[in-house]
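Protein chains in written order, with UniProt numbering: chain A, 1 to 416; chain B, 1 to 416.
Quick look at the structure:
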């Protein structure tokens, strides 16, 4: 290389603004849901920018969009860098867009510097990460990683649209992109994303090196007791499911998270039936959102939740029925790729910490087929999936610089 | 007295059946809401039975119905015995009717035996105890005890009817009854009622001697925290109002009732906002129904609830706002009248226990103007305000026997 590739911060911020205008909401956020007209406009803009720079553009049968810059060794599979362009219906400007546009900026920086990489590097914009219009989310990366997509043909969106038809229309709207089959060998994957949580901002860390994505399980706990008059039923005659539910939640809240820094336990929803002020409830139903990066710990925590709920219910002559309504396994990222990212951060002399992602990302699935890692930057007040989502310009640029540096290192690796 | 007055059990059960047909529901309950056509039919039937026996019949401006049997001392105010004839929309056959018809049976038993009492005895059927059609309930007894009824003119029922018009129509439908002003001096009041709770049945006690009616307060506790992502927000960054609410409820449930046998604390309603499975709630709102017969203890318990909720909220960087939405003071019954009832129970050699009423009754208000007491009999499974409400015939008859005996003792007392 004759010139050190460098992120053009102004160009990156200008691009973030340009994409934020596609599906812009009055409150300053974006509504650019997967496979919508707005999503197609964003894909078109990115493809046109790529073609202008002489990069090749591809899309596969799930409308995943790839922008390729060749490497010196034509036999090597590409390093992928990117994220997604779709948003929540009242989403922010940075969730997904930051990672995708920073990856494209990295590609341009390499091109500006006429830098040669050993591997090809491809920018990817995965289809339907959010899952708000068409569930499930992380659809493009899941399919890329080999998920069986046969049943997806029948998926209907929240607006009544057919997924299959919207996929076809989206692909047809970008005829400049060459078609590719879904899935291919890749050398690795690096994704830059906003944290969507408060820790980096609170700890004044510009960079998080993500080592794993938590697995998530949702449980619904229904404790059945016996309805009764609040005034006429003495303590000895109560089978109060609220008392049992509260005892179970209290016990779990006092142990699971305090004793394991990687664990998350959240009760976000609760109802009592019949819900009269002056009646002991017949039943209390609450949800438990459990997260942990290690599958065996998640299993152990789920077992503990079940045991505690049953024991506290039985202690009050109630019964507990516990159902698992959602199970998304987590992933530990490749130690080698984590090291590559950390090396890049160190070479830029940036304060950082290793951390675990509490939210899903496309990297969760790509990690199953290639060495993967993620880079997090802070977002204000930890806000995301919110029109007020905000990232300091300096943080966005710093994230892009780390991504570029990590990509240069990863794309030069000998062992892929 | 030449003949010992005795309850005619068969007559009492026949009467209970006859009144249960007025407003009978297909499921075996009754719908005889206050001042309805059905309520008027029941009042008419009772008045006709009374007039047949030669008793005098009165009603006051709130349609409270009185049936008078004179005593030997014409200067003495009457002893009142009775309850109410109105029901919940899906009410049972015994709530109110048992006490009213047993009181009338007692009057007939005295008449059958040609027994002379010193005081006059009057059977009373209070208007609108239930409060389901026209709120508030215990309206007739509240007015009798001196409540200001001026604002009641404007009350509109759940069916859109005017209380004032329905009162006028109900009074006009019974022209045989002589008019009386609302309220008058009385010597005492005894009310037989079903327990509406489980304790007598579970303890196999045919009779409860009621010493007090609990005071009731309703609090609404709103704990505000900070919404956040269930996965990305670590323990140190959580301001989780659910954790604070659970800790407060757990602390109160572990102390208030176990430490004070007369206290009741019930959380019957709870919600979390926004109520997403995968989000730390922004706020949790729950209700607390508090009961205690002693006003100063009720005050102390309310203070404790407020302190615990505030402390547990603050400990988690949340805030607690606590509002009192209802406050019904309790009443301790007259020790003399309690002794009269207990003496009657003892003379009949019946197992019994002293107990506190957890529900409101007309006696709550009458106790403010005269020595009052109540007699409870068991009801199956503690069920009331329910079409499945059921009282064993033997229990109904036993209750009427206690009421008759207590009335004979009370109506002969020297000190009134």
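Backbone N, C-alpha and C define an ideal beta-carbon position, used for all residues, glycine too.
Cross-chain neighbours of residue i in chain B, by beta carbon under 7 Å
i                      : result
residue 289 of chain A : 230, 277 and 278
residue 242 of chain A : 267
residue 281 of chain A : 268
residue 264 of chain A : 230 and 231
residue 418 of chain A : For chain A, the structure presents residues 1 to 416; residue 418 of chain A sits outside this window and is missing.
residue 421 of chain A : Residue 421 of chain A falls outside the range modelled here, since chain A spans only 1 to 416, and no answer is possible.
Listed by chain order, chain A residues near residue i by CB distance under 7 Å
i                      : result
residue 202 of chain B : 237
residue 179 of chain B : Those within 7 Å of residue 179 of chain B in chain A number zero; the least Cβ separation is about 36 Å.
residue 246 of chain B : 246, 249, 250 and 253
Closer than 9 Å at the beta carbon, the chain A residues around residue i
i                      : result
residue 196 of chain B : 229, 231 and 232
Start-to-end residues for the beta strand (DSSP E) that takes in residue i
i                      : result
residue 188 of chain B : 188-194
residue 222 of chain A : 215-224
residue 417 of chain B : Only positions 1 to 416 of chain B appear in this structure, which leaves residue 417 of chain B out of reach.
residue 357 of chain B : 352-357
residue 270 of chain B : 270-273
residue 122 of chain A : 121-126
residue 57 of chain A  : 56-60
residue 53 of chain A  : First-last for residue 53 of chain A: undefined, no H or E at that position.
Same chain, Cβ closer than 6 Å to residue i, five either side skipped, listed in chain order
i                      : result
residue 133 of chain A : 33, 34, 157 and 158
residue 416 of chain B : Residue confidence for residue 416 of chain B is low, a pLDDT of 41 falling below 50, so the modelled location carries little weight and cannot support an answer.
residue 274 of chain B : none
residue 31 of chain B  : 23, 25 and 89
residue 398 of chain B : 206
residue 87 of chain A  : 30 and 32
residue 400 of chain A : 7, 12, 102 and 105
Per-residue contacts from residue i into chain A (C-beta, under 8 Å)
i                      : result
residue 182 of chain B : Correct list: empty, because the minimum Cβ distance to chain A is about 28 Å.
residue 271 of chain B : 270 and 271
residue 187 of chain B : Going along chain A, no residue has its Cβ under 8 Å from residue 187 of chain B, so there is no contact; the nearest lies around 29 Å.
Same chain, Cβ closer than 8 Å to residue i, neighbours up to 5 away in sequence not counted
i                      : result
residue 108 of chain B : 8, 11 and 53
residue 278 of chain A : 229, 230 and 231
residue 257 of chain A : 263, 264 and 265
residue 18 of chain A  : 45
residue 417 of chain A : The requested residue 417 of chain A is not part of the displayed model; chain A covers only 1 to 416.
Same chain, Cβ closer than 7 Å to residue i, five either side skipped, listed in chain order
i                      : result
residue 405 of chain B : 344, 347 and 348
residue 239 of chain A : 225, 226, 316, 317 and 318
residue 429 of chain B : Only positions 1 to 416 of chain B appear in this structure, which leaves residue 429 of chain B out of reach.
residue 162 of chain B : 156
residue 1 of chain A   : For residue 1 of chain A, the predicted structure reports a pLDDT of 44, less than 50, and the residue's modelled location is therefore unreliable. A value from the coordinates is still provided. Taken in chain order, the residues that qualify are 113, 115 and 116.
residue 152 of chain B : 163
First and last residue of the uninterrupted alpha helix (DSSP H) at residue i
i                      : result
residue 365 of chain B : 362-366
residue 290 of chain A : Counting along the chain, residue 290 of chain A falls outside any alpha helix (DSSP H), though it belongs to the beta strand (DSSP E) covering 283-292.
residue 319 of chain A : Run containing residue 319 of chain A: none in the alpha helix (DSSP H); it sits in the beta strand (DSSP E), 319-328.
residue 184 of chain B : Per DSSP, residue 184 of chain B belongs to no alpha helix (DSSP H) and is neither H nor E.
residue 307 of chain B : 295-314
residue 339 of chain B : 335-347
residue 142 of chain B : 139-144
residue 253 of chain A : 241-253
Proximity of residue i and residue j at Cβ, strictly below 8 Å
i                      : j                      : result
residue 194 of chain B : residue 98 of chain B  : yes
residue 332 of chain A : residue 211 of chain A : yes
residue 117 of chain A : residue 408 of chain A : yes
residue 381 of chain B : residue 198 of chain B : yes
residue 384 of chain B : residue 196 of chain B : yes
residue 306 of chain B : residue 322 of chain B : yes
residue 71 of chain B  : residue 120 of chain B : yes
residue 359 of chain A : residue 232 of chain B : yes
residue 206 of chain B : residue 350 of chain B : yes
residue 58 of chain A  : residue 69 of chain A  : no
residue 15 of chain A  : residue 105 of chain A : yes
residue 304 of chain A : residue 92 of chain A  : no
residue 269 of chain A : residue 287 of chain A : yes
residue 326 of chain A : residue 141 of chain A : no
residue 63 of chain B  : residue 154 of chain B : no
Cross-chain neighbours of residue i in chain B, by beta carbon under 8 Å
i                      : result
residue 218 of chain A : 277 and 278
The ligand FMN heavy atom lying under 7 Å from the CB of residue i
i                      : result
residue 404 of chain A : You won't find the ligand FMN in this model; it holds no ligand whatsoever.
Contacts of residue i in chain B (Cβ-Cβ under 9 Å)
i                      : result
residue 412 of chain A : Per Cβ cutoff of 9 Å: no residues; residue 412 of chain A is ~32 Å from chain B at best.
inquiry  = Which residues of the segment 248-259 of chain A have a Cβ closer than 8 Å to any Cβ of chain B? Give them in chain order.
reply    = 249, 250, 253, 257 and 258
ask   = What residues in the segment 362-383 of chain B bring their beta carbon closer than 8 Å to a beta carbon of chain A?
value = 382
message = Closer than 8 Å between beta carbons: that is the criterion. Which residues of the segment 343-359 of chain A meet it against chain B?
response = 357, 358 and 359
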